[in-house]
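In order, the protein sequence lines correspond to chains A, B, C, D, E and F. According to the numbering used here, the first sequence is numbered sequentially starting from 1. According to the numbering used here, the second sequence is numbered sequentially starting from 1. According to the numbering used here, the third sequence is numbered sequentially starting from 1. According to the numbering used here, the fourth sequence is numbered sequentially starting from 1. According to the numbering used here, the fifth sequence is numbered sequentially starting from 1. According to the numbering used here, the sixth sequence is numbered sequentially starting from 1. To start, the structure under review is shown below, and the notes come after it.
Protein chains: 6
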Amino acid sequence: MYTVTKNYIEKMRKFIRVDGYLCFAEGGSFEDVSHSYEDYGVVLEKDMPNLLPGEKRINFRELTAISTGLAEGAKKAGGKVSPRFMETYRNILETYLGKCPETTTYKGVVYSPKDFVTKGLGLNMSDYVSVTSFTHYPFYTQFAIEVPDNWRWDLSYNVTIDDLIAIMDNAIEKGYTIAWGSDVSETGFTRDGIGVVPDMEDLAKSFVGSDQARWVGGNNPQARPQIVAPVKELAITQEMRQEGYDNKTTTDDHGMQIFGIAKDQNGTKYYMVKNSWGPTGKYKGIWYVSEAFVRYKTMNILVNKNSIPKDIRKKMGI
Amino acid sequence: MYTVTKNYIEKMRKFIRVDGYLCFAEGGSFEDVSHSYEDYGVVLEKDMPNLLPGEKRINFRELTAISTGLAEGAKKAGGKVSPRFMETYRNILETYLGKCPETTTYKGVVYSPKDFVTKGLGLNMSDYVSVTSFTHYPFYTQFAIEVPDNWRWDLSYNVTIDDLIAIMDNAIEKGYTIAWGSDVSETGFTRDGIGVVPDMEDLAKSFVGSDQARWVGGNNPQARPQIVAPVKELAITQEMRQEGYDNKTTTDDHGMQIFGIAKDQNGTKYYMVKNSWGPTGKYKGIWYVSEAFVRYKTMNILVNKNSIPKDIRKKMGI
Amino acid sequence: MYTVTKNYIEKMRKFIRVDGYLCFAEGGSFEDVSHSYEDYGVVLEKDMPNLLPGEKRINFRELTAISTGLAEGAKKAGGKVSPRFMETYRNILETYLGKCPETTTYKGVVYSPKDFVTKGLGLNMSDYVSVTSFTHYPFYTQFAIEVPDNWRWDLSYNVTIDDLIAIMDNAIEKGYTIAWGSDVSETGFTRDGIGVVPDMEDLAKSFVGSDQARWVGGNNPQARPQIVAPVKELAITQEMRQEGYDNKTTTDDHGMQIFGIAKDQNGTKYYMVKNSWGPTGKYKGIWYVSEAFVRYKTMNILVNKNSIPKDIRKKMGI
Amino acid sequence: MYTVTKNYIEKMRKFIRVDGYLCFAEGGSFEDVSHSYEDYGVVLEKDMPNLLPGEKRINFRELTAISTGLAEGAKKAGGKVSPRFMETYRNILETYLGKCPETTTYKGVVYSPKDFVTKGLGLNMSDYVSVTSFTHYPFYTQFAIEVPDNWRWDLSYNVTIDDLIAIMDNAIEKGYTIAWGSDVSETGFTRDGIGVVPDMEDLAKSFVGSDQARWVGGNNPQARPQIVAPVKELAITQEMRQEGYDNKTTTDDHGMQIFGIAKDQNGTKYYMVKNSWGPTGKYKGIWYVSEAFVRYKTMNILVNKNSIPKDIRKKMGI
Amino acid sequence: MYTVTKNYIEKMRKFIRVDGYLCFAEGGSFEDVSHSYEDYGVVLEKDMPNLLPGEKRINFRELTAISTGLAEGAKKAGGKVSPRFMETYRNILETYLGKCPETTTYKGVVYSPKDFVTKGLGLNMSDYVSVTSFTHYPFYTQFAIEVPDNWRWDLSYNVTIDDLIAIMDNAIEKGYTIAWGSDVSETGFTRDGIGVVPDMEDLAKSFVGSDQARWVGGNNPQARPQIVAPVKELAITQEMRQEGYDNKTTTDDHGMQIFGIAKDQNGTKYYMVKNSWGPTGKYKGIWYVSEAFVRYKTMNILVNKNSIPKDIRKKMGI
Amino acid sequence: MYTVTKNYIEKMRKFIRVDGYLCFAEGGSFEDVSHSYEDYGVVLEKDMPNLLPGEKRINFRELTAISTGLAEGAKKAGGKVSPRFMETYRNILETYLGKCPETTTYKGVVYSPKDFVTKGLGLNMSDYVSVTSFTHYPFYTQFAIEVPDNWRWDLSYNVTIDDLIAIMDNAIEKGYTIAWGSDVSETGFTRDGIGVVPDMEDLAKSFVGSDQARWVGGNNPQARPQIVAPVKELAITQEMRQEGYDNKTTTDDHGMQIFGIAKDQNGTKYYMVKNSWGPTGKYKGIWYVSEAFVRYKTMNILVNKNSIPKDIRKKMGI
């Protein structure tokens, strides 16, 4: 909630500054975290308690309704605001999310929020870079990914999709994890722990005459072949990736953590992903996402720049 | 600001309760003051300071924008609010209007706000009653005047217009002042200290051939005869009053204080009115309003019930 | 339809008067009936026929659309209306609901509508009072319940919830029935004739291992334990009641008639309620509603004041 | 008001039928009159009185607000209406415009409305035709002029602009008057009785060094040369006419009556026009409109077909 | 797409001309085709290719979104448009629908689009007339059917429903087909190839005790008796037809082609209809529609006037 | 128009990508020019003619209406667009702004647009940097100025206001001009060629007793003292600058060109500014803007980085 508070304040101020031409919603990007850690530090959850007896979770529904109402109210009134406006918003966030503490205690040591990041957690936030791969900007330059949740207009490094995969593989190998931003509203991203890019025509063929087809019948909406790995996948090119971005079938949906690599019985490579949807699915909260899926649907990743292969770092100029 | 704060809180809560079917604006009624004095007391202005260096007045424009935005935001989100919502609104009011103090000091004595009303000012708020005069409810019953600013749905005593005048005259004679709610967006309520109900036909006659008419000419929009007392006025009946209310030409505009009675050279009776528009007009902030105007355009008055003639009190049942 | 007509006329006039800050919808309150009986009397349905051959019911959908359109049209045009406007609305109501007759005939006697109430039905409408129980106003005063359907801003007497139950029990005992306004959009108010406040945790426990649970399974949305009386209920306090009103989980849904008291095998007390939903449910249109439910979800009741215990009447000042 | 009533009823019904894709406003076309005369006849104003004492004119503002509200209300409710809907609208029109009588008395003779047209006024409505001149439809065919006020989708005969002028001249010569629909929101259509198409460049030249220019100066917005006939005019072609219609600078503004032809000192031909703006301007309600203006800005005319030259009638096929 | 292009251009121009009081949607009427054939001719589909590799059909969803946006944009900006506006719209249509060719080649002969209609297809478009049957206009006159899709305001001949049936029967007998505009959102117009007007009361009776009723049960929403011909039908009168049009239960849904007449085992007459819904239903794209259905729900037909019986043609005046 | 075309295309694509959270209006920033020059080059105006005979300027009003309509249309339809959508927009721009040529001819040499920038004009666009001065980001880092017209999210270098002035002075001295983005909706930015920050209190004092004051009088709205340089100005601090940005009284209005420095009789320094408002004002299109005004109201500047003093460049890291 400390990080959420800091980001909401900045988002509201920017919303006012750009006359409301900004997506004021709950979503955000990885850089919201890294910037906030750098500028304001962070505290442990226990040090910023806010739930009253009987409350089970933060009332984000109401906070969002109020925040949006406040922003729209200010906009309707001409958009100029006094310093009291931001004071008001800070009070609202304090009411709903709790009061940001000035210290946090970890293993008996009292830290300021900023010191907790650097000394307590040992993080150097400037080590973290966002990397993506699209062709509408030159490779090995930076650009701000054009999605509504990138309200910070933060820059990502642009590399080829092959280099993006190389960066990811190298990071895992070296023991770094990766923050993975991806489109998950895809048929191939199942609710059962799998992310693949099935070759639908092949799938349809294998479905004919199957036991499932016999039971659910041709007119039944449930008669789509079920996606179970291993499945024959499409070969993903840089062009297919770009087309998905350009026609907006690839969307900026969700952030997860990649922590390993696995292979199935056919030798197909899968990234192991920690999802935040609870211990659901076949693998209790873990998703196995094929390299094809990652190539196709990754919006961007956040990685420690020390985990990037040297030759690629050189091309990136860092 | 103490009284404003207490009323805004109640208005917001009621707005939420009735699903927004309430006029959430800056306006209100006399009873907002008397109820607030009774329920919460009041403090001296000096004891609730809020202006920052350089600020000249409360930023009501921004407060209204924010309040409305908040209310609309809650309404859009379904209208159910948690206790944090009202806490939020109290914080906002504190930010813009100042923190309501728990005591006020008057002539060296420290009072609680409620004690200040009863002991410091010697007021018994239950002495104050609202009186009006309309025919769509029986006389000598109570009803809630149907105007948007009566968001409290407060009741007024309904008496004949003759009795209303008798109440006012008796109050002035006995040394009480009267809170006077009236329509002031009338041609006859000038910006120059006069409130009359001119007989427009008579006025038009006297205008022809006048010096003013000669100069401004017939096609000039400024060629309306200027209203200067004394002027021949219409005789106002209970029916004319009601018609003004029914067709909404009599509106609920403004609250002032009547403190005296005067007569002009023709013996026409005028009420002496303290207006809050600053020391403007011919009489430096005082208006002379004819009995005809008061009979026609008074929405309601707030008077001390002890200032009401006994026979009328009896009819009112108080 | 006679009563509906009289109320729609008053609602439209008030809507215009308060610049549209009023819920102009089909709903209303018990006092709409009692006021209308007192001011305009009532007639038997047979004396105000309006259905054409082939019509089965009043076209309220179209009448509401037209009424709202009319009201919005007048509002958009500035809100001032001539006397023709209300004449227009009376004509519309006559077209859809029928012409209000000047007499009604009952057991061979011809009555005026007002005489029919007093002489034909033997009712003295001033005997009927609305009673409620909330803590945001002092007990034993009156206040207008803040719900959209209370467009009349009518007052209710405020008593403790124990006194409210005492009033109801006394009325039933003395042979009076009670108009009961309640929230019915509660899980515990089933479509099968029961109104209870189940202890959900207890219910969940008993559900585990039940036959029903075995069949519908854990992921099935229908796997909620079915509510069948007798069931363990929550003990309802004045505070719980108030919280339901304040956070708007208790809503102003529906009006019914309480006509009796019953006990189940465990001795739990139920009020017997005539509902207007037709001969549905287990008891063919009758609902058995536990005292806990009534304590929790009653918005207000309308009772004959002669049915109220003397000590309570004294506290109420009537 | 008889004719207005009949047209409003048809307009409302059509509005409902075409799901609101119709301009429901006060405006209309000449054919509204001719169709209404033919289908419903007409009555003398005295036979359809409606003003109450004190009223000076029909309250069209309120009637329009109500009509629009009603139409929008029905549209929002899905657009399907019962027969009671149109009955409602007839009642509204009766309330505001008066009850359509079944007879009218003229010079002592009692007529039905239809007989009054044919026998009382001696009119054969089928003699009246609308004529226009545009190139986006073939000449000597009929088409519905595409303007919002042509809600009836009525057809006009399309002839060359020379033939249109020939028809008008012939009609005046034979003693017929002409209903003239024209754009009057043109600089050249003055408020002082003149309608011309000034050659603005020529006018600007003559303005330089004039006495007026000397006084009002170059930066003064009133420094446009005043338009006083005679003035040098543009020569109007069929193409210029069409361009004005296509780019919507020629609008469907106003209906007037042409009753004569005059020439000025330079021999320029003017049509003499009775306007309905009261006895205003230099010629007390009469406008002198040059042939150039008529060629340029005429939307359509309604003429008795017997007043059309035979050769043109032949081309028109009537 | 050639015909679609030509019609969209005209619709957009008219939308602008009538200030947007026109239904700018995908729908249209038969006359859109006949007018377009006459004014612009037509080309074979192969001569106006537009799909890119991978595209399966025209993207009408996007074209409609763009067209509507363009029209609304122009309307908001005041509604006056330059010639570049229509050039823009022609370009848009070219982008989405393809470039209208200047010739089309059929059986080795190269035609201009207009010649292709007259010489290639041997059609004389002026032979085709629209016929309908409603009572709110006199029979044997023409009027524009008041439905949103009749954006052209085209006229139809109005004949009795008996004559309409006679025209249809004669056409089929003489070997002409008929374009049939009808309401198809009727229970009796099944998705299985049948169009009838079942006598619902009779149907309900036969349902009781049936095998289907036994299985689906009384509370099941699927428990409506299934409509399978033969079924007892209602006898349709001219009044029922008119009522359906007046209360808008008969809607202007869909255009199909009638090409034959058939009788069932009971001798009931059915029209054989080619639908454009693909080879669906019991008869693989063919519908059997009873005369009762056609009498009730036909909006209008388009027929070759040479196929109309002589006596009816005489009454129609053609 | 070449540059406008290239920018509109990018703005539309970004608008679609970020779901419309972008200000799609006519405005932009200096970087629109520099990016466009770098990515697409530029052509001489003569080589991209588009006005038709009779047209005097580009119809931006209509183009904006159409562009906005198109964008809103796409947004309403879900925001996903096919490649045809951008093709459509390119066609629209071509229709209104002309076809972008593939070459431009300058002094007899034919260039490609990109070559024309580098070889014809000798510009290296990467030399140009945007510089600003605000305290909400650290000095000597880059950030995207948060104003609606910065739709590109371009970065500016952040320096102290003293360094910004030093950069400007050095540039002028070295013979470079400066693109100057500033707030011009200030009282002190007159329509007569002057930009100053008057000390209003001092000005008011000097006004009393002046000749102007005598004539226009105290109540006259024109009685504000006229601003004529030299005038006593406020001393501007970094804090005042930031406050103007934070409360949005400093707005992102207008771009001009600074080409020189001048001093008045008192030695006050003024920047000489070429405005694009035509040869208006006392200095025929030139404005003299005081250093105080520039310190206070400059949003950003675009300068050639070679014109920046070395020590400041070093701090900027370029």
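All residues carry an ideal CB built from backbone N, CA and C; glycine is no exception.
State buried or exposed for residue i, treating a residue as buried only when at least 16 other CB atoms are found within 10 Å of its CB.
i: Asp183 of chain C; result: buried
i: Ile16 of chain E; result: buried
i: Ser126 of chain E; result: exposed
i: His35 of chain F; result: buried
i: Phe30 of chain D; result: buried
i: Thr251 of chain E; result: buried
i: Val204 of chain A; result: First, the amino acid is wrong: residue 204 of chain A is Ala here, not Val. The residue is exposed, with fewer than 16 neighbouring Cβ atoms inside 10 Å.
i: Lys284 of chain D; result: exposed
Which value, in whole angstroms, describes the spacing of the CA atoms of residue i and residue j?
i: Tyr21 of chain E; j: Glu146 of chain E; result: 13 Å
i: Trp151 of chain F; j: Gly28 of chain F; result: 7 Å
i: Phe293 of chain C; j: Thr177 of chain C; result: 18 Å
i: Leu155 of chain D; j: Lys269 of chain E; result: 40 Å
Have a look at the DSSP bridge pairing and note the partners of residue i.
i: Met272 of chain D; result: D:Gly260, D:Tyr288
i: Phe189 of chain B; result: B:Gly195
i: Val231 of chain E; result: Its beta-bridge partners do not exist; DSSP assigns none.
i: Leu155 of chain B; result: B:Ala144
Residue range of the alpha helix (DSSP H) that residue i falls in?
i: Tyr137 of chain F; result: Counting along the chain, Tyr137 of chain F falls outside any alpha helix (DSSP H), and DSSP gives it neither H nor E.
i: Thr249 of chain B; result: Thr249 of chain B -> no alpha helix (DSSP H), and no H or E assigned at all.
i: Met12 of chain B; result: 2-17
i: Ser36 of chain F; result: 30-40
i: Thr68 of chain B; result: 60-76
i: Tyr96 of chain D; result: 83-97
i: Met316 of chain D; result: 310-316
Taking residue i as part of the beta strand (DSSP E), name the residues at either end of that continuous run.
i: Phe321 of chain E; result: Because chain E spans 1 through 318 in this model, residue 321 of chain E falls outside it and cannot be assessed.
i: Ile301 of chain C; result: 298-304
i: Thr160 of chain B; result: No beta strand (DSSP E) contains Thr160 of chain B, which DSSP labels as neither H nor E.
i: Gly181 of chain F; result: 178-182
i: Thr105 of chain F; result: 104-106
i: Val110 of chain E; result: 109-111
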